[in-house]
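The next block holds one structure in the form of structure tokens; read it before the comments.
Number of protein chains: 2
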Amino acid sequence: MIDWKNWRHITKLDPDKILRPGDIEDIATSGTDALMLSGTLNITEENLTLLREQVKEYGVPMVVEPADPSAVLYEGIQGLFVPSVLNTPDITWVVGKHQYWVKKKHNIDWDIVVPEAYIVLNPDSSVAKVTKALCNIPVEEVVAYATVADRYFKFPVVYIEYSGTYGNPDIVKAVSEVMENSVLYYGGGINCGEKAAEMGQFADTIVVGNAVYDEGAKALIETVKAVK
Amino acid sequence: MIDWKNWRHITKLDPDKILRPGDIEDIATSGTDALMLSGTLNITEENLTLLREQVKEYGVPMVVEPADPSAVLYEGIQGLFVPSVLNTPDITWVVGKHQYWVKKKHNIDWDIVVPEAYIVLNPDSSVAKVTKALCNIPVEEVVAYATVADRYFKFPVVYIEYSGTYGNPDIVKAVSEVMENSVLYYGGGINCGEKAAEMGQFADTIVVGNAVYDEGAKALIETVKAVK
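So this is what it looks like as structure tokens:
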């Protein structure tokens, strides 16, 4: 298994968005600890495979975070980060998809699976809409979910997800103070070194996604430098 | 922490039901590995405390399985077995009660907490009605839930719960064949040595409850002998 617990910086790539070949080289050599292939909409085996082919020549670890059992890839990847959304009333995203996946696929390589407890906090994000996550909750509710994830379920990863917008550092700080077992991920709206540094104070690992597409690889390199 | 992983036989006592003093002595000296205070209806701190007082003079380990955050006792017990029901559409019983509990109670002793993944299979049971569990599911669905519990969530306990009726040994056998990490509990309808032996072939631990009230301590002793 890869040494994912010591990653400080993950670059999240969305197979549904277009990267230029030069960007891919810049990303892969930026110092980011891993490339995570992820996304909520329109993930298919085809576009995941295409992206994997584009990045595989660089040595940086590549992992997949499937949004759905139909979007799980197994070949040529070093990890399978499988989310469970805790702050949703829809059981589908907590355990339903997982049960369906296991039922359909009998030879899952569990050694590469890293379960993630998602707490989704941007109501305008695709992931919030798809999962019907209850995003407008006070900090003590977020902390309670994170504590349940850390102590009761013992999730390897607790993931504070503001996908598409920059989150509230006070919430990430409050969560960081109760973590005992889980690695704390923060993702959402990090598009410069300052924001990377701010969230990187509290999160063990920051995840940078849209900045790659919106601002280019140069912004990504700044976020790597800020946390390393 | 108590050596709960090696228990073969648990006696589940319901604080809502009446035991005669003689029964309590017979139960506590039956060879059962632990007494579990549990129940779905009308559990209060008062009746839990009363039961605890009745059994505490015997050395057998006593654990509590709260049906609700309001029914959690902390003093004088060796373990807190906290269920999460996987086969329900109602998020309350998967993670909701847990989050509420953590929010209200800040000094939980996590060292004594043993998380249990419940798969509830008797539609007529109180636990099925309260949790709205989807009980009429084929064996492959049960096995898939159990696999998710064992491999993805890594629950210490997977609990096949037929509360109030004797279950299908083929289902328990099928689940036992996929368990890799979790300890497999079976509970429901065990009221004699034969049934204890049958389910005890597949489950690591059998849980005997109603027999104590319906048939008395003698039936309980038979179930202990059958699995030891």
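From first to last, the protein sequence lines are chains C and V. Mapping to this note's numbering: the first sequence position 145 is 145, numbers consecutive. Position in the second sequence (from 1) plus 1000 gives the number in this note's numbering. Glycine included, C-beta positions come from ideal geometry on N, C-alpha and C.
Neighbours of Pro-66(C) across chain V, judged by C-beta separation under 9 Å, do not exist; the nearest C-beta is about 13 Å away.
Of all C-beta pairs linking the segment 177 to 185 of chain C to the segment 151 to 159 of chain C, three or more are shorter than 8 Å, placing the two stretches in contact.
Asp-33(C) counts as buried, since at least 16 other C-beta atoms from the protein chains shown sit within 10 angstroms of its C-beta.
For Asn-136(C), same chain residues with a beta-carbon under 7 Å away, outside a window of 5 residues either side, are Pro-123 in chain order. For a Cβ distance threshold of 7 Å, residue set Gln-1099, Val-1102, Lys-1103 of chain V lies close to Ala-144(C), ordered along the chain. For the segment 1185 to 1222 of chain V, the continuous beta strand (DSSP E) assignments of 3+ residues that do not extend past its boundaries occur at 1205 to 1208, in sequence order.
By the CB criterion at 8 Å, Val-120(C) and Val-114(C) fall outside the cutoff. Taken atom to atom, the span from the alpha-carbon of Gly-1200(V) to that of Gln-78(C) is near 39 Å. Within the segment 1111 to 1162 of chain V, the beta strand (DSSP E) runs of at least 3 residues that lie entirely inside it are, in chain order, 1113 to 1120, 1157 to 1161.
Comparing alpha carbon positions, the residue from His-1009(V), Cys-1192(V), Glu-1161(V) closest to Val-1060(V) is His-1009(V). Taking C-alpha positions only, Val-1139(V) is separated from Ala-1174(V) by approximately 8 Å. Under the Cβ distance rule, Thr-147(C) counts among the residues neighbouring chain V, one pair being separated by less than 8 Å. Residues of chain C whose Cβ lies closer than 9 Å to the Cβ of Phe-1153(V) are, in chain order, Ser-84, Val-95, His-98, Pro-115, Phe-153, Lys-154, Phe-155. Close partners of Ile-1091(V) in chain C (Cβ separation under 8 Å): Thr-88, Pro-89, Asp-90, Ile-91, Val-94.
For Trp-1004(V), no Cβ of chain C is located within less than 8 Å of the residue's own Cβ.
Taking C-alpha positions only, Ile-1002(V) is separated from Trp-1093(V) by approximately 26 Å.
In the three-state scheme derived from DSSP, where H, G and I count as helix and E and B as strand, Gly-96(C) is classed as helix. DSSP places Gly-79(C) inside the beta strand (DSSP E), whose first and last residues are 79 to 85. The Cβ atoms of Thr-1131(V) and Val-1063(V) lie no closer than 8 Å to each other.
Closest in C-alpha terms to Gly-167(C), from the list Tyr-145(C), Lys-225(C), Ile-221(C), Asn-191(C), comes Asn-191(C).
The straight-line gap separating the alpha-carbon atoms of Tyr-162(C) and Asp-1214(V) is approximately 54 Å.
Taking a Cβ-Cβ threshold of 7 Å, the residues of chain V close to Trp-110(C) are Arg-1151, in chain order. DSSP lists Leu-1035(V), Val-1208(V) as the bridge partner or partners of Thr-1011(V). Thr-44(C) counts as exposed, since fewer than 16 other beta carbons sit within 10 angstroms of its beta carbon. The beta carbon of Glu-141(C) sits closer than 8 Å to some beta carbon of chain V.
Collapsing the DSSP output to three states places Val-172(C) in a helix. Taking the C-beta atoms as reference points, Thr-165(C) is found no nearer than 8 Å to Gly-193(C).
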